[in-house]
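S.K.:
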Amino acid sequence: MKKKKLLTTFLALVCCILILTGCGISVGKKADQTDNWTKIQKRGYVTIGVDDTFVPMGFRQKNGQLVGYDIDLAKAVFKLYGIKTNFQTIDWSMNATELKNGTIDLIWNGLTKTPERQAKMAFSDTYLRNDQVLVSLKKDHIDSYTAMQGKILGAQTGSSGSNDINKYPQLLKNRIKDHDPILYDSFTNAFIDLNSGRIQGLLIDSSYADYYIAHQKNPADFKTIRGAFPPEQFGVGMRKSDVTMKKQINRGLKKLAKDGTLEKINQKWFGDKADSPLLKNQ
């Protein structure tokens, strides 16, 4: 009798697991195959995935408030449509999975357009251009990529920089110690190791590097080397099924470029250093 009850209980648990798993798959599949704009309009908010340590695109102030270039820009776009923005911190290396599963509606956080990402998601028009730069401390006398021979390099997990290291091995990968970088969950932790000497170089987005260095006590302690990797384009990542979302975001970005809002946001976070193709098309 006990064996029969145990078997019945076991089978019931298995059924529950299968049902719950199936529900999860169906929800993700539905989100990935639906044009979700009308649903988002009805509920009144859009959920945007961010790495909340990525200055100045999206980061936490000491009081915990989320601020940044992309935060301001996303809010401005969706304000045009009367939709609120809900920002959700995600594991950056899992951003495409979070999007596909429907836990977020967009990735708006200094997301570089790459062929690999474009195979998985759709992108808005480019709203900002960016470069990968090598940052080091001047005291380490690293004046070129060649000087990284045998040195330890850092990069963020899942970043376009870490992808470039593998895509263009002749630039850094073949030179650095063990022919692989140290990968970090955030650039904040990478800079801690750079400043402490645990790594000698950090491959990072120029937008992050410029802002971080400018806000250090001694900006002159750092050296930035540009130019070796191809330039990058930032866009908003979304599910390929969200055709209306893409259309409305592009429409919103163009409107902000035309009415001066984009220029104000650029000046606030980058001064005259922002490279916005949308403004050049005006």
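Mapped onto mature numbering (1 follows the signal peptide of the UniProt record, and there is no 0), the consecutive letters of the sequence shown carry residue numbers -31 to -1, 1 to 251. Glycine residues also receive a C-beta, built at the ideal position from the N, C-alpha and C atoms.
1) Between L49 and the rest of its own chain, which residues show a CB-CB distance below 7 Å, the 5 nearest in sequence each way excluded?
2) R137 by DSSP, collapsed to three states: which one?
3) Would you kindly work out how many angstroms separate the C-alpha atoms of L42 and N32, rounded to a whole number?
4) Whole-angstrom Cβ separation of R195 and V102, contact assumed at under 8 Å?
5) Closest to D20 by CA distance: which of F47, A45, I73, G240 is it?
6) Alpha carbon to alpha carbon, how far is G(-8) from T3?
7) Which residue marks the beginning of the alpha helix (DSSP H) containing Y153, and which one marks its end?
8) DSSP state of S105, grouped into three classes?
9) I need the straight-line Cα distance from T(-11) to K186, nearest angstrom please.
10) Considering K8, what are the terminal residues of the alpha helix (DSSP H) in which it resides?
11) Evaluate N250 with the Cβ neighbour count: other Cβ atoms within 10 Å of its Cβ, from every protein chain shown; 16 or more gives buried, anything less gives exposed.
12) My understanding is that Y153 touches Q125, with C-beta atoms under 8 Å, so please give their C-beta distance in whole angstroms.
13) K136 to S165, Cα distance in whole Å?
M.R.: So, to answer that:
1) Excluding residues within five positions, the ones whose Cβ falls inside 7 Å are G221, K224.
2) Here the sequence assigns Tyr to residue 137, which means Arg is not the residue at that position. Three-state result, Y137: coil.
3) Straight-line Cα distance between these residues: approximately 21 Å.
4) That belief holds up - the Cβ atoms of R195 and V102 are roughly 5 Å apart, short of 8 Å.
5) The residue with the shortest Cα to Cα distance from D20 is I73.
6) The predicted model places G(-8) with a pLDDT of 45, which falls under 50 and marks its position as unreliable, so this point remains unresolved.
7) Secondary structure note for Y153: it is in no alpha helix (DSSP H), and the uninterrupted beta strand (DSSP E) holding it is 151 to 153.
8) Of the three classes helix, strand and coil, the one that applies to S105 here is strand, per DSSP.
9) Low per-residue confidence applies at T(-11): pLDDT is 47, beneath 50, and the placement is therefore not dependable enough to give any value.
10) Start and end: 6 to 12.
11) When all chains shown are included, N250 counts as exposed.
12) Right, the Cβ-Cβ distance comes to about 6 Å (below 8 Å), so this counts as a contact.
13) Computed Cα separation, rounded: 28 Å.
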